[in-house]
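Engineer: Take this structure, written in structure tokens, and hold onto it; I'll ask about it next.
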Amino acid sequence: MFDKAPIKGKEDVLGALSLVLYTLILIPLVKYILVVLWANDDGEGGTFALYSLICRHARVSLIPNQLPSDARISSFRLKVPSPELERSLKIKERLENSLGLKKLLLMLVLAGTSMVIADGIVTPAMSVMSAVDGLKVGISAIKHEEVVMVAVALLILLFSLQRYGTSKMGFIVGPALFIWFCCLAGIGIHNLLKYDRDVWKAFNPIHIYFYFKRNKIEAWYALGGCLLCATGSEAMFADLCYFSVRSVQLTFVFLVFPCLLFGYLGQAAYLMQNPGDCAQAFYSSVPSKFYPCTVALLFIQLISNSICGAFWPVFIIANIAALIASRDMTTATFSCIKQSTALGCFPRLKIIHTSRKFMGQIYIPVLNWFLLAASVVLVCSVPSTTEIGNSYGIAELGVMMMTTILVTLVMLLIWQINVVTVVAFLVVFMGIELTFFSSVLWFVGDGSWIILLFAVVMFLMMCVWNYGSKLKYETEVKQKMSMDLLRQLGPNLGTIRAPGIGLVYNELVRGIPAIFGHFITTLPAIHSMIIFVCIKYVPVSMVPQNERFLFRRVCSKSYHMFRCIARYGYKDVRKETHQIFEQLLIDSLEKFIRREAQERSLESDGDGVDYTDYEEESFSNFLVAQNGSSFSLGVPLLTDFNDTNVRISEPSTSGGMKPDTPSDTSDQEQSLERELSFIHQAKESGVVYLLGHGDIRARKDSWFVKKLVVNYFYAFLRKNSRRGTANLSVPHSHVMQVGMTYMV
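Quick note on the numbering used here: the sequence shown kicks off at 969 and runs consecutively.
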């Protein structure tokens, strides 16, 4: 702060301290601890958790794969706006019917996420660099280049330890932070007693008015430095998955907040008598001898008896605390990226779960080393911590403003609280954050542009990925096969039905994907049982295992075709092997068939309703084979069936697979047992994963920008992202892949 507005008297110290105190009270305490933490999504925090919460109460996702059955998942906990609160109903209707508002909401979320990633770069750089900068106080002859080298070494150590996970490092993190906060409080109390007790006057906000009146434009410049006292607030919300809301609130109110207050009061008391040490206020205020006010200071006193003063023990503790703070922000970045990937807004990356006991503790290797490289570049290219602090302010305020907007929407749509309270929250905190943002944005040319540029690049990358994914999904929906076509092909699908189960992976929640037509025109045979599997992420943190699979029959019984939607929350861990996944899927299929049989037996009219997945849409009436040849879908392929109602003869196997013979429709139990027996025998014959890789290319008559985005940027991201098959852990002998290109 005093780099922008130099100290001219004790009143300046009081005014700056008053700004810091009320920034701490308003942003971390009132906004985040008392309000924002309650806007969590089943214990998950962060920008995308807020977006997921909103998506659950209003259909605002741009990818139209929502199903009414999703709302019946127990973890949805959907609170429908009550009829008397017309405001909530109108907001919900307006959001769902306005494509522009949906896009605007997504842009805000992507902007906030890009700032979180930028925060993951600047937090380690700022925390470590400011801690190591204390060497200039302890060793007067040290050069700035040597301080930078030490900071780079600590950054490498920090990101190298990231892969061990939070639970494995917890035995170090907890005690170290406890000692650090006790040191802050102890040193602050010591300085209060020794130098100046009048700093308590800073709790009177009138000193903020006097500070701006005396310093005018310089005081406004100093706001960027003042913000640094609250920069961990968003990480506290994003890291919520590791702790409960109540534990974070109690720890902040009874430990962190008081210790920070004493720390800043003590520094101000020291500067009252030593204004020339404002460049290194914290390290300069560390006493050589002090009264052992806390247990932590007793420990430091014992160490300092053999060392000249207490500086070096405090320096070591400060650097450990800086590494921990940096690590927590990096972990929050990992969590945010995982959420955005699950909701289709970030390319798939390799995610490693570091704990079997605690959910949500993850490590993303590619992102970890990328953040390390960017942090090292930032430390080496920006000359001082002041410029890094400006970068810090831009990244942090960007996330804070997006959080304010999203929490306001949550208040209106979900919490349904008084509109005056909502407006007050928005006006007060958005006004404060915009004021701070105007200050840090003024110094964007002093090095802050690096972080701003990086955030813009990440924002554009996520926009390109979301746009390409949306185009691909919409094209697959338009080109899906019709049910009339399947009925024309007959139960044998115009080819040979070989024993076994074929799991056709696709992204459609309704209809038959066009890639399946590519399979039956390319392969000489198809499996006796086909299950269309769609891995779908729903806007909840976790889906209970007994609600994971949603089945539906495709065509009549004789086709032996089903659709399975495997639903996952963005916090769910897909660590099951392919054998376990297959067994869970088959068990759920059997439950579906038994429940279907019970429902049919209860039908009083006995009309024999055909459980057919039928959608009245127009579809293309031909398929394109791998060699480019076109096949008319008006007649069966490979084999000729004049009568599609003929019994389907299944090929026999060594296991003695029996054909699906006609039976008396009134004997429901025998029909059920035959179908279950058929499923078991197909399972014993083997399961094959039929994977279709659908790519998109812009048509020749498309705009140049669309060609550039789809054919180059999105294609580059898709080529270098993690394939969906990587999470299956399936042997290559059980996988069959077919590629298909869609012109969009």
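C-beta: ideal position from N, C-alpha, C; glycine also.
(1) What's the call for Asn1065, buried or exposed, on a 16-neighbour Cβ count within 10 Å?
(2) Which residue or residues does DSSP assign as beta-bridge partners of His963?
(3) Give a yes or no on contact between the region 1224 to 1233 and the region 983 to 990, applying the rule of three or more CB pairs nearer than 8 Å.
(4) Once you ignore the five residues that flank Val1216 on each side, which residues in its own chain have a CB closer than 8 Å to its CB?
(5) Find out if the Cβ-Cβ distance for the pair Ala984, Ala1119 is shorter than 8 Å.
(6) Helix, strand or coil: which one does DSSP assign to Ile1147?
(7) Please classify Gly977: does DSSP put it in a helix, a strand, or coil?
(8) Note down the Cα distance separating Val1213 from Gly1357, rounded to an integer number of angstroms.
(9) Note down, in chain order, each residue of its chain lying with its Cβ closer than 7 Å to the Cβ of Cys1246, except the 5 sequence neighbours on either side.
(10) So, is the C-beta of Val1445 closer than 8 Å to a C-beta in chain D?
(11) Quick check: the Cα distance between Ala1310 and Gly1537, rounded to an integer number of angstroms?
(12) Would you check if the region 1407 to 1421 and the region 1651 to 1659 touch, i.e. whether three or more CB-CB distances between them fall below 8 Å?
(13) Going by beta-carbon coordinates alone, are Ile1022 and Leu1380 separated by less than 8 Å?
(14) With a CB to CB cut of under 8 Å and the five nearest residues on each side skipped, what residues in its chain are close to Val1367?
(15) Tyr1331 to Thr1322, Cα distance in whole Å?
(16) Near Tyr1251, which residues of its chain fall below 6 Å by C-beta distance, leaving aside the five closest residues on each side in sequence?
(17) How is Thr1389 classed by DSSP in three states: helix, strand or coil?
(18) Consult DSSP for Cys1194 and reduce its assignment to one of helix, strand or coil.
(19) Is the region 1434 to 1445 close to the region 1674 to 1692, with three or more CB pairs under 8 Å?
(20) Under the DSSP definition of a beta bridge, which residues are partnered with Gly1011?
(21) Does the region 1519 to 1537 come into contact with the region 1298 to 1306, if we say contact requires no fewer than three beta-carbon pairs (one atom in each stretch) closer than 8 Å?
(22) Leaving out the 5 sequence neighbours to the left and right, which residues in its chain are closer than 6 Å to Pro1492 when beta-carbon positions are compared?
(23) Taking the straight line between their C-alpha atoms, what separation do you get for Leu1457 and Ser1509?
(24) Within the region 1295 to 1349, note down every full beta strand (DSSP E) run reaching 3 residues or more, in order along the chain.
(25) Report buried or exposed for Phe1672, applying the criterion of at least 16 other Cβ atoms within 10 angstroms of its Cβ.
(26) What would DSSP say about Leu985, mapped onto helix, strand or coil?
(27) Within the chosen definition, does the region 1455 to 1475 reach the region 1494 to 1506 through at least 3 CB pairs nearer than 8 Å?
(28) Would you check if there are 3 or more beta carbon pairs closer than 8 Å linking the region 1415 to 1422 to the region 1385 to 1393?
(29) Checking 8 Å against the spacing of the C-beta atoms, do Lys972 and Gly1193 come in under that value?
(30) Nearest by alpha-carbon distance to Val1096: which of Met1075, Asp1414, Gln1566, Leu1122 is it?
(31) Could you tell me the alpha carbon to alpha carbon distance between Tyr1682 and Ala1565, rounded to whole angstroms?
(32) Have a look at Leu1291 and Tyr1132 and give me their C-alpha separation to the nearest angstrom.
(33) Using a Cβ distance threshold of 8 Å, determine whether the region 1331 to 1341 contacts the region 1164 to 1178, with at least three qualifying pairs required.
(34) Can you tell me whether Gln1705 is buried or exposed, with buried defined as 16 or more other CB within 10 angstroms of its CB?
(35) Taking Cβ positions, are Leu1659 and Val1712 nearer each other than 8 Å?
(36) Alpha carbon to alpha carbon, how far is Glu1558 from Arg1455?
Structural biologist: In this structure, then:
(1) The residue given as residue 1065 occupies position 97 in the sequence shown. Classification for Asn1065: exposed.
(2) Because the chain is modelled from 969 through 1712, residue 963 falls outside the range shown and cannot be assessed.
(3) Judged by Cβ distances under 8 Å, the region 1224 to 1233 makes contact with the region 983 to 990, as three or more pairs qualify.
(4) Along the sequence shown, one-based indexing puts residue 1216 at 248. Same-chain partners within the cutoff: Ile1001, Leu1005, Met1204, Leu1208.
(5) Start at 1 with the first residue of the sequence shown, and residue 984 comes out as number 16. Start at 1 with the first residue of the sequence shown, and residue 1119 comes out as number 151. Cβ atoms of Ala984 and Ala1119: not closer than 8 Å.
(6) Walking along the sequence shown from the start, residue 1147 turns up at place 179. In the three-state scheme derived from DSSP, where H, G and I count as helix and E and B as strand, Ile1147 is classed as helix.
(7) Here residue 977 refers to the residue found at position 9 when the sequence shown is read from its first residue. Three-state result, Gly977: coil.
(8) Within the sequence shown, the letter at position 245 stands for residue 1213. Within the sequence shown, the letter at position 389 stands for residue 1357. Their backbone Cα atoms lie some 29 Å apart in a straight line.
(9) Within the sequence shown, residue 1246 is the residue found at index 278, counting from 1. If we look at Cys1246 and ignore the five residues flanking it on each side, its Cβ neighbours are Phe970, Ile975, Leu1239.
(10) The structure shown contains no chain D, having only a single protein chain.
(11) For the purposes of this step, residue 1310 is identified with residue 342 of the sequence shown, where counting begins at 1. For the purposes of this step, residue 1537 is identified with residue 569 of the sequence shown, where counting begins at 1. Spanning the two alpha carbons is a distance of roughly 8 Å.
(12) Short answer: they don't touch.
(13) Taking the first residue of the sequence shown as position 1, residue 1022 is located at position 54. Taking the first residue of the sequence shown as position 1, residue 1380 is located at position 412. Not in contact: Ile1022 and Leu1380 (Cβ atoms no closer than 8 Å).
(14) Within the sequence shown, the letter at position 399 stands for residue 1367. These residues qualify, in order along the chain: Thr1015, Gly1080, Met1083, Val1084, Asp1087, Glu1202.
(15) Mapped onto the sequence shown, residue 1331 falls at position 363. Mapped onto the sequence shown, residue 1322 falls at position 354. The straight-line gap from Cα to Cα measures roughly 7 Å.
(16) To locate residue 1251, count along the sequence shown from 1; it is residue 283. The residues Gly1102, Val1105, in chain order, have a CB closer than 6 Å to that of Tyr1251 in the same chain once the five nearest residues on each side in sequence are set aside.
(17) Along the sequence shown, one-based indexing puts residue 1389 at 421. Here Thr1389 sits in helix by DSSP.
(18) Taking the first residue of the sequence shown as position 1, residue 1194 is located at position 226. Three-state DSSP puts Cys1194 in a helix.
(19) Cβ pair count under 8 Å is three or more, so yes.
(20) Position 43 of the sequence shown, counted from the start, is the residue given in the question as residue 1011. Partner residues in a beta bridge of Gly1011, as assigned by DSSP, do not exist.
(21) Segments in contact, no.
(22) Residue mapping note: residue 1492 aligns to position 524 of the sequence shown, counting from 1. Answer for Pro1492: no residue qualifies.
(23) Translated into the one-based positions of the sequence shown, residue 1457 becomes position 489. Translated into the one-based positions of the sequence shown, residue 1509 becomes position 541. Rounded to the nearest angstrom, the gap between the Cα atoms of Leu1457 and Ser1509 is 42 Å.
(24) Segments of the beta strand (DSSP E) lying fully in the region 1295 to 1349: there are none.
(25) Looking up residue 1672 in the sequence shown gives position 704. The residue is exposed, with fewer than 16 neighbouring Cβ atoms inside 10 Å.
(26) Here residue 985 is taken as the residue at index 17 of the sequence shown, counted from 1. Under the three-state reduction of DSSP, Leu985 is assigned to helix.
(27) Between the region 1455 to 1475 and the region 1494 to 1506 there are three or more inter-stretch CB-CB distances shorter than 8 Å, so the stretches are counted as touching.
(28) Too few Cβ pairs lie closer than 8 Å, so no.
(29) Reading the sequence shown from its first residue, position 4 is the one you call residue 972. Reading the sequence shown from its first residue, position 225 is the one you call residue 1193. Yes; because the gap between Cβ atoms is below 8 Å, this pair is in contact.
(30) Taking the first residue of the sequence shown as position 1, residue 1096 is located at position 128. Among Met1075, Asp1414, Gln1566, Leu1122, the Cα nearest to that of Val1096 belongs to Leu1122.
(31) Position 714 of the sequence shown, counted from the start, is the residue given in the question as residue 1682. Position 597 of the sequence shown, counted from the start, is the residue given in the question as residue 1565. Each residue's alpha carbon lies about 46 Å from the other.
(32) Within the sequence shown, numbered from 1, the residue matching residue 1291 stands at position 323. Within the sequence shown, numbered from 1, the residue matching residue 1132 stands at position 164. Their backbone Cα atoms lie some 14 Å apart in a straight line.
(33) Result no; under three Cβ-Cβ pairs closer than 8 Å.
(34) Your numbering for residue 1705 matches position 737 in the sequence shown. It counts as exposed.
(35) Taking the sequence shown and counting its residues from 1, one reaches residue 1659 at position 691. Taking the sequence shown and counting its residues from 1, one reaches residue 1712 at position 744. Going by C-beta atoms, Leu1659 is not nearer than 8 Å to Val1712.
(36) Numbered from its first residue, the sequence shown carries residue 1558 at position 590. Numbered from its first residue, the sequence shown carries residue 1455 at position 487. In a straight line, the C-alpha of Glu1558 is about 25 Å away from that of Arg1455.
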